[in-house]
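The structure under discussion appears below in the form of structure tokens.
There are 2 protein chains.
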Amino acid sequence: MEKKIRVVQFGLGPIGIETAKVIDKKNRFELVGGIDIDPDKAGRDLGEVCGLGKTLGRPVSGDADALLHELKPDVVLHTTSSFLDKVEDQLLTCIRAGAHVVSSTEELLYPFERDADFSARIDAAARRHNVAVVGTGVNPGFAMDILPLTLTGVCTEVKSVRIERVSNASERRQPLQKKVGAGMSEAEFRELAARGGIGHIGLVESLLAVAAGLDWKPDAVEEKLEPILAEKDIHTDYFHVRPGQVAGIHHTCTATIGGKTVIDLDLKMYLDARDPHDSVFIEGTPPLSMRIDGGIFGDTATVAALVNTAARIHTAVPGLRTMLDLTVPRAVS
Amino acid sequence: MEKKIRVVQFGLGPIGIETAKVIDKKNRFELVGGIDIDPDKAGRDLGEVCGLGKTLGRPVSGDADALLHELKPDVVLHTTSSFLDKVEDQLLTCIRAGAHVVSSTEELLYPFERDADFSARIDAAARRHNVAVVGTGVNPGFAMDILPLTLTGVCTEVKSVRIERVSNASERRQPLQKKVGAGMSEAEFRELAARGGIGHIGLVESLLAVAAGLDWKPDAVEEKLEPILAEKDIHTDYFHVRPGQVAGIHHTCTATIGGKTVIDLDLKMYLDARDPHDSVFIEGTPPLSMRIDGGIFGDTATVAALVNTAARIHTAVPGLRTMLDLTVPRAVS
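Quick mapping for you: the protein sequence lines, in order, are chains A and B.
Each residue of the first sequence is one higher than the one before, starting from 1 at the first, in the working numbering.
Each residue of the second sequence is one higher than the one before, starting from 1001 at the first, in the working numbering.
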């Protein structure tokens, strides 16, 4: 039997707890520790914090450095923040402890253009410690980048790629409903949008990953964010949204080369969304039109992307990597 | 600029010629030579044989060993036969010349169970010469194995996978129409089927690749082949099929574990096929239902899979590999 992959869960918010639960159930992994600075969690047994229905005899630690050097895990599953500047020290702590890192940090999916210096520092540290660091999830990480790229693998030529995702936020957890602006006034939304305080994080990273995968150098990349307003009363478990209030976001990102739109990402996440789906249209040889009715359910799929990547990251060349450098995605048993 | 990948095309049948044409057009590659034993091709200029509209100053050679040792290509694109026992010497010749091999040999997609000794010999030789060998194509190699596996990458649990492909043989080249039995009587078809002389090659390999990717050990694998009979007159560019004659094949392959069907491959290739498509249904968490309307056009897609894999094979660990060991598929520019 293959040796189990020893995993520490770094960050025990809703996604981190779900990830730890799945890791605990899989034969391929051993959940050896958990990290969270929340004083309501640090010090308590990891099994209890994660609701595993059992204790693991391993207290959650607020001291990442000490825990990682003591446990020396093979992989850290990192789920603390969406932003590069919030995670650099955490990633370096994992790397210095000799652990591969699989992170849900959206900006880490393709960080090279947003912050080249950060990327160089993480890459150098990871090479020095002989580990790989990668960002993943369902979006960014799959639906609007890796899956469309995979489809181009059977094209001799690609002229353009259009990717749509319509996600029904009514079915998602409360923080996601809040994140898409549920219940805001249009004015509040636009004010927040103007200072970058709302919108899907990682859309431009998905676009850059697609461009990099196809070896395309866009002349221009443009993002647009608009509110989707409720047309009638919407009741969810967490919100009551009135007609005219914000039901969610319509976020797009396009890349042009020589005046032609070559990559077009179109994301809608809103309450009571009509016809949720993921689709990809490739203008190429052969042309391809793919559709996933209902769409890929985001909360579960992000957990899955993290767990399944943790089973493959040891095969990657050390350094700061992207999902494009890893082997074909697949479910670990 | 990255150094161009130097490619020799081994086998100049219809697929090999199309592959050579695409290689010749792509910046990433240099087409340095061609191999074919056909006396109508050997000795003539490669550009002329491939219909490139120019000469390359490189005659097609019938002597693979001499040509490969002289040219020392980075990659050989190998398109000569569907069967392991027909290609072993050819593969060893490529390996000994120090070239990675990307092959359209259907049985090579997942050869370990069909012929463990062959696999061990190829693997040992490839390791010794520090090159990788992989089989690919659209089917096997993508539509019924790599694409479905990729979709499981966002599942925390997979209970079963059903994969359908309906391909309209009327749109395909003449040899494919012949291969699916177009115009045979039902009796001829059944007699040929009974001795393994007809049917899609590689269906069981796709199934074994899916099982391996999910780390599943099926209790039983069962293949079934039935003719699809014409209901009315069918005219193609190559055949006239009368009602009751064979229009194509319905080929299935299933794997069971504990009495439950866990992998179910269902392939129909026939003339004037209704509703051609590729679809994948994953019973799991989350469940997933993917569909490509019209299906992936096979002739072009196989050429693309070969060419696009040739751009990534140098990143693989030396040895006999499968598409699962390679990085995420994508179109090379």
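Glycine included, C-beta positions come from ideal geometry on N, C-alpha and C.
- Where Phe1118 of chain B is concerned, the enclosing alpha helix (DSSP H) starts and stops at Ala1116 to Arg1128.
- A contact between stretches requires three or more CB pairs, one per stretch, nearer than 8 Å, and the stretch 1171-1182 of chain B fails this requirement with the stretch 288-302 of chain A.
- Counting only runs of 4+ residues, the alpha helix (DSSP H) found wholly inside the stretch 1140-1219 of chain B occupies 1146-1152, 1174-1179, 1186-1194 and 1203-1213, in chain order.
- Along the length of the stretch 70-112 of chain A, whole alpha helix (DSSP H) runs at least 4 residues long occupy 84-96, reported in chain order.
- The beta carbon of Gly1135 of chain B sits closer than 6 Å to the beta carbons of Ser1103, Thr1105, Leu1108 and Leu1109 from its chain, once the five residues preceding and following it are set aside; these are given in chain order.
- Within the stretch 1281-1316 of chain B, the complete alpha helix (DSSP H) segments of 4 residues or longer fall at 1298-1310, listed in chain order.
- Ala1020 of chain B has a beta carbon lying at 8 Å or more from every beta carbon in chain A.
- Under the 8 Å criterion on CB atoms, Asp1085 of chain B is classed as non-interfacial with respect to chain A.
- Chain B places no beta carbon closer than 8 Å to that of Ile263 of chain A, leaving this residue out of the contacts.
- Judged by pairs of C-beta atoms under 8 Å, the stretch 1275-1291 of chain B touches the stretch 1137-1148 of chain B, as three or more such pairs exist.
- Of the residues B:Ala1187, B:Arg1114, B:Asp1219 and B:Ile1228, the one whose Cα lies closest to the Cα of Gly1202 of chain B is B:Arg1114.
- Asp24 of chain A: member of the alpha helix (DSSP H) spanning Pro14 to Lys25, first to last residue.
- Closest in alpha carbon position to Arg1165 of chain B, among B:Lys1004, B:Tyr1270, B:Gly1013 and B:Thr1309, is B:Tyr1270.
- Taking a cut-off of 8 Å on C-beta distances, the stretch 53-65 of chain A does not touch the stretch 1002-1013 of chain B, as fewer than three cross pairs fall below it.
- In the DSSP assignment, Leu31 of chain A falls within the beta strand (DSSP E) that extends over Phe29 to Ile35.
- Listed along chain B are Val1328, each with a C-beta nearer than 7 Å to that of Met323 of chain A.
- Interface with chain B (8 Å Cβ-Cβ cutoff): Met290 of chain A is included.
- The C-beta of Asn1308 of chain B comes closer than 8 Å to at least one C-beta of chain A.
- For Ile1017 of chain B and Leu1068 of chain B, the gap between their C-alpha atoms comes out near 18 Å.
- Using beta-carbon distances, Val1154 of chain B counts as an interface residue toward chain A, with a partner under 8 Å.
- In the displayed model, Asp38 of chain A falls within coil according to three-state DSSP, outside both helix and strand.
- It is roughly 48 Å from the alpha-carbon of Asn308 of chain A to the alpha-carbon of Pro1059 of chain B.
- Contact between Ser167 of chain A and Gly298 of chain A holds: their C-beta atoms lie close to 6 Å from each other, under 8 Å.
- Chain A places a beta carbon closer than 8 Å to that of Ser1333 of chain B, counting this residue as a contact.
- Among the residues of the stretch 296-320 of chain A, those with a Cβ less than 7 Å away from any Cβ of chain B are Ile296, Phe297, Thr300, Ala301, Val303, Ala304, Ala305, Val307 and Asn308, in the order of the chain.
- Here Ala1273 of chain B is buried: its Cβ has 16 or more other Cβ atoms, across all protein chains shown, within 10 Å.
- According to DSSP, residue pairing for Met1269 of chain B in a beta bridge involves B:Ser1167 and B:Ile1249.
- DSSP places Gly1135 of chain B inside the beta strand (DSSP E), whose first and last residues are Ala1132 to Gly1135.
- Taking CB atoms only, Pro1286 of chain B has a neighbour in chain A less than 8 Å away.
- Close to Gly1213 of chain B, with beta-carbon spacing below 7 Å, are these residues of chain A in chain order: Arg330.
- The continuous beta strand (DSSP E) containing Val7 of chain A extends over residues Ile5 to Phe10.
- Taking a Cβ-Cβ cut-off of 8 Å, the neighbours of Thr1150 of chain B in chain A comprise Ile146, Leu147, Thr150, Val328, Pro329 and Arg330, given in sequence order.
- Around Val1134 of chain B, no beta-carbon contact reaches into chain A at under 9 Å, the shortest distance being about 12 Å.
- Secondary structure at Gly319 of chain A: strand, using DSSP grouped into helix, strand and coil.
- Contact between Val1075 of chain B and Ala1310 of chain B holds, since their C-beta atoms are separated by about 5 Å, short of 8 Å.
- The C-beta of Val1241 of chain B comes no closer than 8 Å to any C-beta of chain A.
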